[in-house]
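The structure appears below as structure tokens.
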Amino acid sequence: MAAFEDINADRTKFNVELRDEAEFQRRTDVFEQWLLSNGAEFPQLEIKCYDDEVRGVHAKENIPGDTICIKIPLKCLITVEMGKDTEVGRKIMDARLDLDAPKHVFLMLFMLTDMKQENSFFKPYYDILPQEMRNMPIFWDEHELRWLEGSYMLTQIADRKEAIVEDYHAICEIAPEFADIATAERFMWARMCVCSRNFGLIVNGVRTSAMVPHADMLNHYRPRETKWTFDNLLQAFTITTLTEITGGAQIYDSYGQKCNHRFLLNYGFAIENNVEADGFCPNEVSILFKLNDADPLYERKHTLFLRDGCSGGRRLRLCVARNENMSWALSLLRIIVANEEEFEALLVNQPFAYRTIKNVSRPISIENERKAMELFLNMLTAIERAFPRTLEEDAEALRHGNLAPFSNERHALIQVKGEKVVLRFFQDFTSTCIRALSGEMEQLCEHLYDQKDAIIADHVYNTLRPLVLGGAAERPGPRVATVENGASHGPMIV
């Protein structure tokens with residue numbers, strides 16, 4: 061299989077020989093006829109199949125911008141309210157069950173109950189839904205899960221499975237008949253089907269979620285090329301083109317700006333070039349910041365942690381951006397490494413005593429900041445070493461193009477590579493800070509903005525330089541890299 065160029069990989073992966081399966085085509089014809097006979101309109105579109113349970117929607121002809129290309133009437137939608145109106149749904153409402161994803165559960169309830177009816181109005185829709193969803197990580201076997209070794213996503217997958225099973229058993233407790241409607245495995249299938257396909261809508265003034273046949277077959281791509289809504293005047297769900305779509309081209313929806321772990325966990329794929337138009341990459345790495353149990357100040361620091369809702373530790377998702385989580389991570393590190401003198405200075409000797417960890421937004425001292433960065437670097441290195449392969453090896457594996465474009469292995473590889481890119485950024489961040497705090501400030505500042513990512517350069521120049529040299533920092537205007545919305549424009553994609 062040909063290699064994929066990073067920038068185009070998320071489109072070119074669909075450039076494969078299309079499947080022409082007779083059974084798929086038969087079910088598609090029945091499905092489309094069902095929609096058309098109930099008032100749906102999509103005259104310029106056709107559904108195509110690329111791989112097992114991988115479909116997409118293509119334009120049969122050129123479609124101008126600002127054109128409604130899909131119209132699905134309300135009667136063809138499955139909404140949360142329909143699930144609440146089932147017998148089991150009413151029992152859940154009466155019992156006020158605390159469910160992991162209540163809107164999803166009510167959609168699932170209707171579908172699972174209605175699927176038992178051989179003459180269901182929605183049968184043509186049910187028949188075209190993916191039946192196995194092997195691309196979803198919660199259905200991966202042990203061999204496939206090993207592709208994610210080192211990633212916190214393994215914990216997320218286990219947590220998701222546990223939450224779904226807990227919901228299932230909770231429902232069966234208050235409605236024993238539900239066990240005859242669906243097994244735990246079928247309930248899990250329905251959860252991921254709904255999770256990956258539902259739309260959040262306002263229908264006639266009511267905020268709800270809905271399964272929208274046909275519209276849920278559009279694949280993801282950003283920046284978005286279409287927009288969707290429920291049109292109260294038309295009493296239909298509509299998708300409108302934002303730009304001209306060329307005949308034969310695939311029509312995409314945007315599932316939003318998300319980290320790849322969310323794409324993979326909820327939709328069963330990862331985006332190789334997950335970068336926004338402004339250069340921001342939302343990929344994240346999950347890091348646990350926790351107190352040292354052997355710290356003599358543990359109890360006092362723990363009290364401060366509790367004020368921020370942290371019982372001794374806080375797990376944060378960090379991406380390459382200036383944001384609240386990055387600021388919070390630095391604050392946590394300063395508290396974790398603080399000695400008694402530094403801790404007392406925080407709580408007593410400041411004009412305004414620190415009330416929460418988030419308030420520790422500036423360095424405490426040169427020594428404390430250096431210790432914080434050294435601890436952070438050690439944490440990052442330990443996380444990176446937990447992966448069986450290096451970032452460079454992952455990048456090479458993707459460049460070779462030996463992995464099938466829709467394979468679970470390729471999507472897992474994209475996910476772990478993205479985590480390592482973020483780890484490398486913060487390793488550079490911490491290493492640079494340590495140098496700046498260890499006598500190299502003047503040397504670093506000479507070419508800081510030429511050699512370092514703008515986020516790193518700004519932090520060193522505006523936060524650490526005044527700490528080390530005293531006085532306010534004066535940013536060298538011509539050397540400052542352009543950063544929009546806190547996004548890094550550094551060459552971080554390997």
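All you need for the numbering used here is the position in the sequence shown, starting with 1, plus 60. Note that CB positions come from ideal geometry on N, CA and C, so glycine has one too.
query: Are at least three pairs of beta-carbons, each pair with one atom in the stretch 112 to 132 and one in the stretch 302 to 320, less than 8 Å apart?; result: yes
query: Indicate the three-state DSSP secondary structure (helix, strand or coil) for A457 in the structure shown.; result: helix
query: For A296, is the classification buried or exposed, using 16 other Cβ atoms within 10 angstroms of its Cβ as the cut-off for buried?; result: buried
query: Are T300 and I132 closer than 8 Å when you measure CB to CB?; result: no
query: What would DSSP say about A242, mapped onto helix, strand or coil?; result: coil
query: Near C232, what residues of its chain come up, given a Cβ to Cβ distance below 8 Å and the 5 sequence neighbours on each side ignored?; result: F238, A239
query: Looking at E469 and W207, is the spacing between their C-beta atoms short of 8 Å?; result: yes
query: Is the stretch 138 to 150 touching the stretch 159 to 174, taking contact as three or more C-beta pairs under 8 Å?; result: yes
query: For P236, does the count of other Cβ atoms within 10 angstroms reach 16, so buried, or fall short, so exposed?; result: exposed
query: So, for Y186: in the same chain, excluding its five sequence neighbours on each side, which residues have a beta-carbon less than 6 Å away from its beta-carbon?; result: M175
query: Return helix, strand or coil for I299, following the three-state DSSP convention.; result: strand
query: Thinking just about the alpha-carbon of each residue, which of I234, W388, R367 is nearest to the one in R156?; result: I234
query: Look up I474 in the DSSP assignment and say whether it is helix, strand or coil.; result: helix
query: Are the beta-carbon atoms belonging to M501 and V528 less than 8 Å from one another?; result: yes
query: Count the CB pairs spanning the stretch 350 to 369 and the stretch 414 to 433 that are closer than 8 Å, and state whether there are at least three.; result: yes
query: Following the continuous alpha helix (DSSP H) through N60, name the residue where it begins and the one where it ends.; result: Given that the chain is displayed from residue 61 to residue 554, the structure contains no residue 60 and the question cannot be resolved.
query: Inspect the CB distances between the stretch 332 to 346 and the stretch 310 to 322 and report whether three or more fall short of 8 Å.; result: yes
query: Let me check understanding here. Comparing Cα to Cα, which of E83, C493, P162 lies closest to C255?; result: P162
query: Taking DSSP's pairing of strands, which residues face G116 in a bridge?; result: K108
query: Looking only at its chain, what residues have a beta carbon closer than 6 Å to the beta carbon of I553, apart from the 5 residues adjacent to it on each side?; result: Any reading at I553 must be qualified, since the residue scores a pLDDT of 32, below 50, and its modelled position is unreliable; the value itself is stated next. Taken in chain order, the list of residues that qualify is empty.
query: Exposed or buried, which one is F329 when buried takes at least 16 other CB atoms within 10 Å?; result: buried
query: Quick check on this structure: which residue in E404, L376, L294 has the alpha carbon closest to the alpha carbon of L440?; result: L376
query: Do you know how far the Cα of V225 is from the Cα of A244?; result: 6 Å
query: Below 8 Å between beta carbons: does that hold for V117 and L105?; result: yes
query: Taking G265 as the reference, give the member of R251, Y281, I138, L293 with the closest Cα.; result: L293
query: Measure the C-alpha to C-alpha separation of I262 and T303 and round it to an integer number of angstroms.; result: 25 Å
query: Is it the case that the stretch 209 to 224 contacts the stretch 486 to 501, given that we only count it when at least three CB pairs across the two stretches are under 8 Å?; result: no
query: Under a Cβ-count criterion, where at least 16 other Cβ atoms within 10 Å of its own Cβ denotes burial, should N195 be classed as buried or exposed?; result: buried
query: Confirm, please, whether the CB-CB distance from I494 to R382 is below 8 Å.; result: no
query: Find out if the Cβ-Cβ distance for the pair Y327, L278 is shorter than 8 Å.; result: no
query: In angstroms, rounded to a whole number, what distance separates the CA positions of G499 and E427?; result: 12 Å
query: So if DSSP puts R375 in a beta bridge, which residue, or which two residues, is it bridged to?; result: L348
query: Count the other CB atoms, across all protein chains shown, that sit within 10 Å of the CB of T215; report buried if there are 16 or more and exposed otherwise.; result: exposed
query: Please list, in chain order, all residues of the same chain as I474 whose beta carbon is under 6 Å from its beta carbon, the five residues on each side excluded.; result: A330, E332
query: Are the CB atoms of L435 and V380 nearer to each other than 8 Å?; result: no
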